[in-house]
Amino acid sequence: MAQLPRLAASPIPALVSTAVHLPKSEQDFVHLCSKGRLREALRGFLPEIWSDPNLFSHLLNGCCVPQQSLRQGQQIHGLIFAAGAASHRFTANHLLHMYSKLGQNGDIHAARKLFDEMPERNVATWNAMITGLAHFELDEEGLEFFRRMREAGLRPDEFGLGSAFRCCAGLKDIGSGHQIHAYVVRNGFEHDMCVGSSLAHMYMRCGCLDDGERVLKGLPIINVVSCNTIIAGRAQNGDTEGAVHHFSLMKAVGLSPDHVTFVGLISACSDLASLGQGQQVHAEVIKAGVDSVIPVRSSLISMYSKCGCLDDSSKIFSESDEGSDLVVWSSMIAAYGFHGHGEEAIQLFDKMVREGNDPSEVTFLSLLYACSHSGLKDKGKEYFELMMHKYGLKPTLKHYTCMVDLLGRSGCLDEAETLIRSMPVPADAVIWKTMLSACKTHKNAQMAERVAESVLRLDPQDSASYVLLSNIRATTARWIDVSEVRRAMREKRVRKEPGLSWVEYKGQVYQFSTGDTSNPRQKEIDQLLEQLLGRMRELGYLPDTSTVFHDMEEEEKETSLAHHNEKLAIAFAILSLPVGVPIRIMKNLRVCDDCHEAIKYISNIAEREIVVRDVTRFHHFRDGECSCKGGSYPTFFYSNLTECGFGERNRVQMSISDSTKFDHSELVDLKADDHDGWLALIFGNCKAVSGVSSDG
DNA sequence: CGACCCAGAG
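Numbered as in UniProt numbering, the first sequence ends at 696 without a single skipped number.
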């Protein structure tokens with residue numbers, strides 16, 4: 001609980017010492033407050049403030065402008081307390097709102113305490129409390145308060161309704177959403193822009209895109225917020241094309257996109273790992289002048305990292321003048337983790353703490369993830385302790401899963417299992433699956449069998465567990481048990497999601513599925529794979545058939561493995577992409593163990609850099625090593641712009657270089673509205689640009 | 001007092 005500052009007789013020296021401008025009128029006072037310049041506001045109005053409690057509301061609003069500290073809000077609270085105005089309902093509502101709205105800096109416990117102690121509550125009181133709970137993602141409690149408010153005989157207005165929908169959205173609780181929607185219709189709030197937008201947002205968050213868009217169509221006008229709702233909604237539901245389409249639509253009707261628009265678009269681009277698209281949007285961001293807005297920055301950092309351009313992430317991070325924003329730090333820590341740069345993630349974390357920022361539980365999650373994926377077991381354990389004991393943060397199931405991953409990966413299987421059994425939250429299927437993959441890595445069949453059963457208790461559809469159980473039992477010749485597993489699979493109608501890989505070539509995306517032979521260059525692909533396989537075997541490669549059902553013939557198993565979708569995609573890429581361009585593959589599942597091993601060999605034999613982005617992370621293969629086992633890693637440079645950004649008809653002289661391999665010039669056209677070209681310039685990879693020449 | 005947006009395990 002936040003402590004009130006001691007103040008007694010002398011009023012808050014810290015707040016009044018450095019005033020430079022004295023407000024003369026109440027209007028001045030309000031203006032200064034609204035800009036967050038509270039010291040100056042107070043300095044000129046100190047006498048009056050004691051007798052006019054209404055002035056406090058302006059001060060409290062001033063506490064909520066971005067970049068204000070909780071400390072300052074507490075000081076104002078102290079002042080109000082000293083003035084005896086804390087129980088004034090109007091002021092108290094503002095106070096509640098201040099604690100609720102300071103974002104990460106807020107103090108929802110303080111808000112809650114105030115709420116509980118308030119002698120009388122009106123609709124605004126409840127609204128402020130529900131808004132605060134929604135703000136802190138305490139969605140369940142938020143809805144609970146909404147219900148209590150109605151039980152108390154109060155009629156929720158448009159303010160409370162918006163927050164209630166936000167809670168439903170957070171919980172993906174479409175049931176409550178429907179109920180509150182009915183209340184909205186009955187009470188004539190359906191044409192309110194704010195209610196409508198948050199209602200539409202709720203539907204879209206729950207996956208009901210059409211319902212959401214219908215609500216927005218029923219609103220009296222189209223504005224930036226309603227467009228943003230659609231764009232973000234489509235983006236979150238995987239409809240990147242639709243999001244981009246609505247973006248051009250809103251521009252066509254003359255609405256200027258704001259930073260929220262871009263945040264939605266940028267996340268859409270990282271979901272698709274579509275670098276070219278992301279760069280275009282980045283250029284638009286710069287044009288719109290919102291590139292220094294914090295949420296935009298953090299989503300850009302994340303987008304570039306997810307598209308494989310860690311360098312660009314760190315460039316954006318280092319350009320942040322106020323690198324002090326927690327989310328920006330966390331995004332960068334996560335970006336390092338995503339690429340297996342655990343040491344850098346730790347260094348950044350330490351730096352962040354040294355500069356006086358308190359990490360959140362999300363920061364710790366990213367950090368633990370980074371430790372786990374870089375094999376930094378002891379560091380991970382150290383930070384887990386730090387999180388609980390120094391920062392008093394209660395680990396969530398996600399943190400425990402990270403720790404199980406960390407311990408399991410490094411072979412401490414017993415310790416990992418003990419952690420699952422002793423943690424204060426109930427285990428879910430995911431944490432047992434994590435445990436299972438550790439058992440597999442460290443070849444502990446006995447434990448794996450037990451763990452696989454735990455997984456299946458919680459997720460009867462998990463095909464990997466069935467395959468594993470069946471194979472373990474087959475190796476110990478327990479044939480009766482094997483048929484039992486098969487029967488269970490049939491009964492539960494377990495189906496495996498088919499694995500897919502994608503490669504981008506000349507602006508087109510090629511898709512590959514295992515055993516697929518529909519590619520026009522299939523003959524060449526097969527030949528190349530055969531050649532590669534022969535060479536791989538000479539170098540010591542052995543197919544790993546442990547993930548394939550035991551009852552196939554050995555030869556059949558190997559043929560199946562040899563035509564896994566990722567291998568097909570890589571063969572196609574080797575045939576198509578020019579030498580020196582990194583091969584970038586995207587996958588819908590995790591890269592399988594055999595392919596992971598095989599790609600190491602291929603990177604060596606074909607002398608290619610291969611970057612595989614699977615559902616969880618990046619694998620950078622180079623010279624027979626993968627970054628995820630602590631090896632070296634390549635970085636992306638704009639040398640591959642020709643492949644993923646520039647059209648073929650555009651030409652300008654630019655020379656591209658990096659510190660390692662590439663140093664060459666090429667011709668591309670840089671027109672005034674050539675966003676990619678700008679980006680190359682902005683990122684400084686382009687050393688020189690000569691005059692624009694015509695096509696050909 | 002308000003809608004839309006940023007970091008996140010496997």
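The C-beta atom is built at its ideal place from N, Cα and C for all residues, glycine as well.
Is it buried or exposed, residue i, if we count other Cβ atoms within 10 angstroms and call 16 or more buried?
| i | result |
| --- | --- |
| P363 | It should be noted that the sequence gives Thr, not Pro, for residue 363. Classification of T363: buried, given that the 10 Å Cβ count is 16 or more. |
| I480 | exposed |
| G196 | buried |
| H389 | exposed |
| R297 | buried |
| A523 | The sequence given here places Lys at residue 523; Ala does not occur at that position. That one is exposed. |
| Q27 | exposed |
| G337 | buried |
| P582 | buried |
| N237 | buried |
| N93 | buried |
| E417 | buried |
| D107 | buried |
| S248 | exposed |
| Q75 | buried |
| I49 | buried |
| P119 | exposed |
Could you tell me the alpha carbon to alpha carbon distance between residue i and residue j, rounded to whole angstroms?
| i | j | result |
| --- | --- | --- |
| C595 | H399 | 29 Å |
| P578 | E609 | 12 Å |
| F136 | V482 | 49 Å |
| G132 | L59 | 18 Å |
| S163 | Y183 | 14 Å |
| V494 | R487 | 10 Å |
| V215 | C227 | 12 Å |
| I574 | S627 | 20 Å |
| G515 | F618 | 24 Å |
| H259 | K492 | 47 Å |
| L275 | V263 | 15 Å |
| D192 | L219 | 7 Å |
| P359 | G175 | 35 Å |
| H664 | S302 | Note that H664 scores 36 on pLDDT, short of 50, meaning its location in the model is unreliable and no value can be drawn from it. |
| D116 | M98 | 16 Å |
| G73 | S501 | 52 Å |
| N444 | M435 | 11 Å |
| A438 | G408 | 5 Å |
| S513 | V612 | 15 Å |
| S366 | A85 | 43 Å |
| V225 | A200 | 11 Å |
| K217 | N223 | 11 Å |
| N471 | M149 | 57 Å |
| A111 | G392 | 19 Å |
| residue 718 | Q446 | Because the chain in this structure spans residues 1 to 696, residue 718 falls outside the shown range and cannot be described. |
| C167 | L138 | 8 Å |
| G278 | L300 | 8 Å |
| N604 | R622 | 7 Å |
| V353 | T616 | 27 Å |
So what does residue i bridge to, in DSSP terms?
| i | result |
| --- | --- |
| P453 | Looking at the sequence itself, residue 453 is Glu, so the reference to Pro does not match. Per DSSP, none; premise fails for E453. |
Exercise. Mind listing, in chain order, the continuous beta strand (DSSP E) runs of no fewer than 3 residues lying wholly within the UniProt domain "DYW" (540 to 630)?
Key: Given a length threshold of 3 residues, each whole run of the beta strand (DSSP E) inside the UniProt domain "DYW" (540 to 630) is given here in chain order: 583 to 587, 610 to 613 and 618 to 622.
Quiz prompt | Contact between the region 560 to 578 and the region 516 to 531 (3+ Cβ pairs under 8 Å) | solution = Verdict: yes, contact present.
Self-check item: Three-pair Cβ contact test at 8 Å for the region 79 to 96 versus the region 117 to 127
Solution: Here the region 79 to 96 lies against the region 117 to 127, with 3 or more beta-carbon pairs under 8 Å apart.
Exercise. Just list the alpha helix (DSSP H) runs in the region 64 to 107, keeping only unbroken ones of 4 residues or longer that don't cross its boundaries, in chain order.
Key: Complete alpha helix (DSSP H) runs here, min 4: 70 to 82 and 89 to 101.
Quiz item: At which residue ranges does the region 233 to 270 contain complete alpha helix (DSSP H) runs of 4 or more residues, listed in the order of the chain?
Solution: Whole alpha helix (DSSP H) segments, 4+ residues: 240 to 252.
Quiz item: Which runs of the beta strand (DSSP E) fall wholly inside the region 466 to 514 and span at least 3 residues, in chain order?
Solution: For the region 466 to 514, whole beta strand (DSSP E) runs of length 3 or above, ordered along the chain, are 500 to 505 and 508 to 513.
Self-check item: Continuous alpha helix (DSSP H) assignments of at least 4 residues falling wholly in the region 338 to 362
Solution: Residue ranges of uninterrupted alpha helix (DSSP H) with 4 or more members, entirely inside the region 338 to 362 and ordered along the chain, are 342 to 354.
Exercise. Spell out a yes or no on whether the region 142 to 155 and the region 170 to 187 are touching, meaning 3 or more CB-CB pairs, one atom from each, closer than 8 Å.
Key: Using a C-beta cut-off of 8 Å, the region 142 to 155 makes contact with the region 170 to 187, since at least three inter-stretch Cβ pairs fall below that distance.
Quiz item: Can we say the region 455 to 475 touches the region 410 to 423, given the rule of at least three CB pairs closer than 8 Å?
Solution: Contact between the region 455 to 475 and the region 410 to 423 is absent, because fewer than three Cβ pairs lie under 8 Å.
Practice problem: Ignoring anything shorter than 4 residues or poking outside the region 277 to 319, list the alpha helix (DSSP H) runs there in chain order. | Solution: Whole alpha helix (DSSP H) segments, 4+ residues: 294 to 306 and 310 to 319.
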